[in-house]
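**Q**
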Amino acid sequence: MECPADQTDQGAPMTYPPGYPHQPQPGFGGAAAAAYDAQRRSRRRTTIILSAIVAILSVVLALGAIKVYQDKTGNIIIPALSLRAADDAGPDPFTPSVALAHNTTPLKNRTRGTGHQGVRVVSGTDPGLYATTGTSSCDTAALGNYLNSNPAAASAWASVFGIRTSDISWYLNTLSPVVLTADTWVTNHAFRGGVASPFQSVLQAGTPVYVDSIGVPRAVCSCGNPLRPPASAPVGGYRVIGDPWHDFHTRDVERVVYNTQHVTIVNNTTTVVNQPAAPAPLAPLTIQNLVTGLTEILNIGGTLDLPAPPADVKLPDPAALNTAPTFTAGDADQNGTVDGSDAPAEAVVERAQENNDAPVIEASSSTTVIPSDGATTTVETPGAETPGVETPGTTPGVETPGTTPGVETRGITPSDASVPTTETTVATTPTDFGSSTGDTIGSLTFTSGGTSVTCTLPSSFDSSTVTATCSDSVSREFNASDLSQSTVSSAVSSSSDQIWRVTPVGSTESLAVTTASWQTLTTTTSESTETETSVEPTE
1 MECPADQTDQ
11 GAPMTYPPGY
21 PHQPQPGFGG
31 AAAAAYDAQR
41 RSRRRTTIIL
51 SAIVAILSVV
61 LALGAIKVYQ
71 DKTGNIIIPA
81 LSLRAADDAG
91 PDPFTPSVAL
101 AHNTTPLKNR
111 TRGTGHQGVR
121 VVSGTDPGLY
131 ATTGTSSCDT
141 AALGNYLNSN
151 PAAASAWASV
161 FGIRTSDISW
171 YLNTLSPVVL
181 TADTWVTNHA
191 FRGGVASPFQ
201 SVLQAGTPVY
211 VDSIGVPRAV
221 CSCGNPLRPP
231 ASAPVGGYRV
241 IGDPWHDFHT
251 RDVERVVYNT
261 QHVTIVNNTT
271 TVVNQPAAPA
281 PLAPLTIQNL
291 VTGLTEILNI
301 GGTLDLPAPP
311 ADVKLPDPAA
321 LNTAPTFTAG
331 DADQNGTVDG
341 SDAPAEAVVE
351 RAQENNDAPV
361 IEASSSTTVI
371 PSDGATTTVE
381 TPGAETPGVE
391 TPGTTPGVET
401 PGTTPGVETR
411 GITPSDASVP
421 TTETTVATTP
431 TDFGSSTGDT
441 IGSLTFTSGG
451 TSVTCTLPSS
461 FDSSTVTATC
471 SDSVSREFNA
481 SDLSQSTVSS
491 AVSSSSDQIW
501 RVTPVGSTES
511 LAVTTASWQT
521 LTTTTSESTE
531 TETSVEPTE
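Mapping the sequence shown onto full-length UniProt numbering, position 353 (from 1) lands on 353, and the numbers just tick up by one.
1. So, do the region 247-261 and the region 90-99 have three or more beta carbon pairs nearer to each other than 8 Å?
2. Go through its chain and collect everything with a Cβ distance to Pro318's Cβ below 6 Å, but skip five positions before and after it.
3. Which two residues bound the contiguous beta strand (DSSP E) that contains Tyr130?
4. Which residues bound the alpha helix (DSSP H) around Gln353?
5. Compare the Cα-Cα distances from Thr437 to each of Thr465, Gln498, Trp518, Asp497 and report the closest residue.
6. My guess is that Ser176 and His189 are in contact by the Cβ rule of under 8 Å, so how many angstroms apart are they, rounded?
7. With a threshold of 16 other CB atoms inside 10 Å of the CB of Gly124, please say whether the residue is buried or exposed.
8. Where Phe327 and Val338 are concerned, what is the direct C-alpha to C-alpha distance, given to the nearest angstrom?
9. Let me check understanding here. Comparing Cα to Cα, which of Val492, Val216, Gln200, Thr303 lies closest to Pro234?
10. Hey, could you find the ends of the alpha helix (DSSP H) Leu321 is sitting in?
11. Which two residues bound the contiguous alpha helix (DSSP H) that contains Tyr258?
12. Taking DSSP's pairing of strands, which residues face Gly144 in a bridge?
13. If you draw a straight line from the alpha carbon of Asp87 to that of Leu282, how long is it in whole angstroms?
14. Any idea which residues DSSP pairs Gly242 with across the strands?
15. Using a Cβ-Cβ cutoff of less than 7 Å, which residues in the same chain neighbour Val349 once the five nearest sequence positions on both sides are dropped?
16. What would DSSP say about Thr207, mapped onto helix, strand or coil?
17. Distance, Cα to Cα, Cys221 vs Thr140?
18. Could you check where the beta strand (DSSP E) with residue 551 kicks off and where it finishes?
19. Using C-beta distances below 8 Å, list every residue in its chain close to Pro344, excluding the 5 sequence neighbours before and after it, in chain order.
20. Distance, Cα to Cα, residue 552 vs Arg218?
21. Which of helix, strand or coil does DSSP assign to Gly237?
22. Do Thr467 and Thr454 have their C-beta atoms closer together than 7 Å?
23. Taking 7 Å as the CB-CB cut-off, is Val505 touching chain C?
24. Looking at the structure shown, is Ile287 part of a helix, part of a strand, or coil, going by DSSP?
25. Closest to Trp185 by C-alpha separation, out of Thr207, Phe191, Ile168, would be which residue?
26. Hey, is the region 117-132 in contact with the region 283-294, meaning 3+ C-beta pairs nearer than 8 Å?
27. Which residues does DSSP list as the beta-bridge partners of Thr292?
28. Thinking C-alpha only, which one of Ile441, Ala358, Ser471 is nearest His116?
29. Where does Asp432 fall in DSSP's three states?
30. Quick check on the DSSP output: the beta strand (DSSP E) that includes Ile441 runs from which residue to which?
31. Could you spell out where the beta strand (DSSP E) holding Gly115 opens and where it closes?
32. How is the alpha helix (DSSP H) around Ala329 delimited, first residue to last?
33. How should Trp245 be labelled, buried or exposed, when 16 other C-beta atoms within 10 angstroms of its C-beta is the threshold for buried?
34. Whole angstroms is fine: what's the gap from Asn322's alpha carbon to Ser448's?
35. Going by DSSP, which residues form a beta bridge with Gln200?
36. Would Gly147 be called buried (16 or more neighbouring beta carbons within 10 Å of its own) or exposed?
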C-alpha cells in the first residue's frame, strides 16, 4: 500500500521540533509571522522574569534560613559567649590577679541540676557546687586595697552592684573565695574606657571566684572582674569564642538559677519552675575539699578583719541581685537581649531553635570551628568550597553547610551569605605608631583597594563596641577590647612581621594597619551612674 505523499516540499529537510522555518511558509507571512515573533518574544521575557523571581526567592529563603540580627548601622550582630580558662585574666582586667589557688582540677559532676536552654541550671547552694584547696583561694585584702587605691576602677566595679566605692571593703567581706567545680556561665565585665563593660562568659572549672551567701559568683580572682548572673537567653543563640579546653561542651555548662526561679522535682523529673523558691533560713555552703575529697561547711563572709559596718553602709540583698541582667544600646546587642529588657533577643531565640542549642565554637588560635557537641569543622583556607568535617560519633542536630545538619559556620567562611563585609588589606612594613601615647587607639590607617583609608575613633568608649569615622565614608565598628594598648601591643609583639591587624565587627578579614596613633580615653559618668554609686543612701 502506498503512503500518501507528504504535502511539504520533499526536497526540503525536516526540522525537529517542528516550528516556524527561517523562510515563511505559505499562509504564514506578513502580519501572521510578526504576531508569532511577538508571541515568542513575550514567552521568552516571561520565562526570564519567572527565572529571576525564582532566583530572588531562593536567595531570600536562604537568607531567611540564617537568622541574624543587625545593629542600627546595619552590621550583623551575633552575640559572643567568651571562654575564659581558669588562670586567664583576659583583656582589660579590673585588677592584677589575687588568685592563690592555681591549676586546680576538680572532678566535674555531669548530673547536677537540670537541662534548660542548652545548659544545666543549678541552685547556688547545691552541695559540692564549689570547692576549696584547704586554704584561701584568693587574697581578699589585696583585691580591696587595689580597688581603694584606683578610684576609676573602684567606681566602675562598685557600679555593677549598685554600691558606693566607700562600701567596697564591706561588700567584699560578705563574700568568700571558692573554686568552681563546673564550667560556669556568668555575665563578666571588663574595665574599658573607665566603665564596666559587660559580656557573656564561661569560666572554666577550677577558676577561683568569690561567691555570696546564696552561692552566686560575684568576682573573678585572676582579674578582679565583677560578675552578674548570665543573660536569660538560650546558649544556642551565641557564637562561642576563645580556645575550648579538652572537655568543654556547652551542654555541661552550668548557671546558677535566678531568684525568680527555682529548681525542683515535678512528676519525678528535675525541672526549672519560673517562680521564687519558698523562703528558707540562710545556711552555710557545703563545698568539696579537692585535697581530701571530703565535703566541708563554709560560712560565707568575714574574710577581712573589719569592724561592724557604719550605719550609712547599705549593702545589697544577694537575692535581689540574683536576677537576669538588662542591658541597653550596643551592650544589649552584644549580650543577646532586648534593649532595656532581660528578655532574649528574638533572633537569638530563633538561632538557638535552628541549631538545637548547639552553638558553633570559633577557636581563636586557629580557623577551626567546633560545634559544641564535639564535632569538628576545619576551614583550611578562607573561601574554601567545602569545609572538611570530622564527626566522632553521631551528631544529631548538628549542621555544617553542605555536610552535617545543624551547625552554621557564619563568620568563618567569606562565601557565607550572612557575612556583611569582606575586606582584604595588605601591609608590607611594621605598623608605625609614631610618638603618640595613650591607653587605646585613637586612629588607624590601612590600604583598601589601593586607596589609603584612615578611621578615627571617638575620645570616649561608652559600650563594648565603638564606631569609627572613616575617610572612605564606610562605617566600621570595632570591639573596644581590640583597641586597648595591652591587646594591640600583644598582637604586634606576637606577629612575625610586627604588623597590627584588627578585624571590624561583622567582617571576616582583618585590616593590616600601616599607621596608628594612641589616645587617652576621657571618662564620662552619666547622671544615672552617679546616682547609683555616689548618692548617700536614705535612712
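Note that beta-carbon positions come from the ideal geometry of N, C-alpha and C, so glycine has one too.
**A** Short version:
1. no
2. Sequence index remark: in the sequence shown, residue 318 carries index 318 (1-based). Excluding sequence neighbours, Pro318 sits near Asp212, Ser213, Ile214.
3. On the sequence shown, position 130 is the one that residue 130 refers to. Annotation: the continuous beta strand (DSSP E) that includes Tyr130 extends over 130-132.
4. Taking the first residue of the sequence shown as position 1, residue 353 is located at position 353. It spans 346-354 - the alpha helix (DSSP H) in which Gln353 sits, taken as one unbroken run.
5. Working through the sequence shown from its first residue, we reach residue 437 at position 437. Checked all of Thr465, Gln498, Trp518, Asp497; the closest Cα to Thr437 is Trp518.
6. Counting from 1 along the sequence shown, the entry for residue 176 is found at position 176. Counting from 1 along the sequence shown, the entry for residue 189 is found at position 189. At roughly 20 Å, the Cβ-Cβ gap does not stay under 8 Å, so Ser176 and His189 are not in contact.
7. The residue you call residue 124 lines up with position 124 of the sequence shown. Under this definition Gly124 is a buried residue.
8. The residue given as residue 327 occupies position 327 in the sequence shown. The residue given as residue 338 occupies position 338 in the sequence shown. Near 8 Å, if we compare the C-alpha coordinates of Val338 and Phe327.
9. Within the sequence shown, the letter at position 234 stands for residue 234. Distances from the CA of Pro234 to each of Val492, Val216, Gln200, Thr303 were compared; the closest alpha carbon is that of Gln200.
10. Mapped onto the sequence shown, residue 321 falls at position 321. Start and end: 318-321.
11. The sequence position of residue 258 within the sequence shown is 258, counting from 1. Boundaries for Tyr258: no alpha helix (DSSP H) harbours it, and the DSSP string shows neither H nor E there.
12. Walking along the sequence shown from the start, residue 144 turns up at place 144. In the DSSP output, where bridge partners are listed per residue, Gly144 has none listed.
13. On the sequence shown, position 87 is the one that residue 87 refers to. On the sequence shown, position 282 is the one that residue 282 refers to. Using only the alpha carbons, I get a separation of about 31 Å.
14. As a first step, residue 242 must be located in the sequence shown, where it is residue number 242. Answer is none; Gly242 lacks a bridge partner.
15. Residue 349 sits at position 349 when you count from the first residue of the sequence shown. Contacts found: Pro234, Gly237.
16. On the sequence shown, residue 207 is found 207 positions in, with the first residue counted as 1. If DSSP states are grouped into helix, strand and coil, Thr207 belongs with coil.
17. Position 221 of the sequence shown holds residue 221. Position 140 of the sequence shown holds residue 140. Their Cα atoms are separated by approximately 9 Å.
18. Because the chain is modelled from 1 through 539, residue 551 falls outside the range shown and cannot be assessed.
19. Counted from its first residue, the sequence shown places residue 344 at position 344. Once the five neighbours on either side are set aside, the close Cβ partners of Pro344 are Ala231, Ser232, Ala233, Pro234, Gly237, Gly336, Thr337, Val338.
20. Lying before the first or after the last residue shown, residue 552 is absent from the chain, which here runs from 1 to 539.
21. Stepping through the sequence shown from its first residue, residue 237 is reached at position 237. In the three-state reduction of the DSSP assignment, Gly237 falls in the helix class, which pools H, G and I.
22. If you number the sequence shown from 1, residue 467 lands on position 467. If you number the sequence shown from 1, residue 454 lands on position 454. Not a contact, by the Cβ cut-off of 7 Å.
23. Going by chain labels, chain C is absent from the structure shown, which holds only one protein chain.
24. Stepping through the sequence shown from its first residue, residue 287 is reached at position 287. If DSSP states are grouped into helix, strand and coil, Ile287 belongs with the strands.
25. On the sequence shown, position 185 is the one that residue 185 refers to. The residue from Thr207, Phe191, Ile168 with its alpha-carbon nearest to that of Trp185 is Thr207.
26. yes
27. One-based indexing of the sequence shown puts residue 292 at position 292. None, per the DSSP bridge assignment.
28. Your numbering for residue 116 matches position 116 in the sequence shown. When only C-alpha atoms are compared, the closest one is Ala358.
29. To locate residue 432, count along the sequence shown from 1; it is residue 432. DSSP places Asp432 in strand when its eight states are reduced to three.
30. In the sequence shown, the residue the question calls residue 441 occupies position 441. Per DSSP, Ile441 belongs to the beta strand (DSSP E) from 440-448.
31. For this step, residue 115 is matched to residue 115 along the sequence shown. Per DSSP, Gly115 belongs to the beta strand (DSSP E) from 114-116.
32. Your numbering for residue 329 matches position 329 in the sequence shown. 329-335 is the span of the alpha helix (DSSP H), which, as asked, contains Ala329.
33. Within the sequence shown, numbered from 1, the residue matching residue 245 stands at position 245. Exposed, by the Cβ-count rule.
34. In the sequence shown, counting from the first residue as 1, residue 322 sits at position 322. In the sequence shown, counting from the first residue as 1, residue 448 sits at position 448. Distance between the alpha carbons of Asn322 and Ser448 is about 48 Å.
35. As a working note, residue 200 is residue 200 in the sequence shown. Answer is Leu81, Thr187.
36. Taking the first residue of the sequence shown as position 1, residue 147 is located at position 147. First, the amino acid is wrong: residue 147 is Leu here, not Gly. Label assigned to Leu147: buried.
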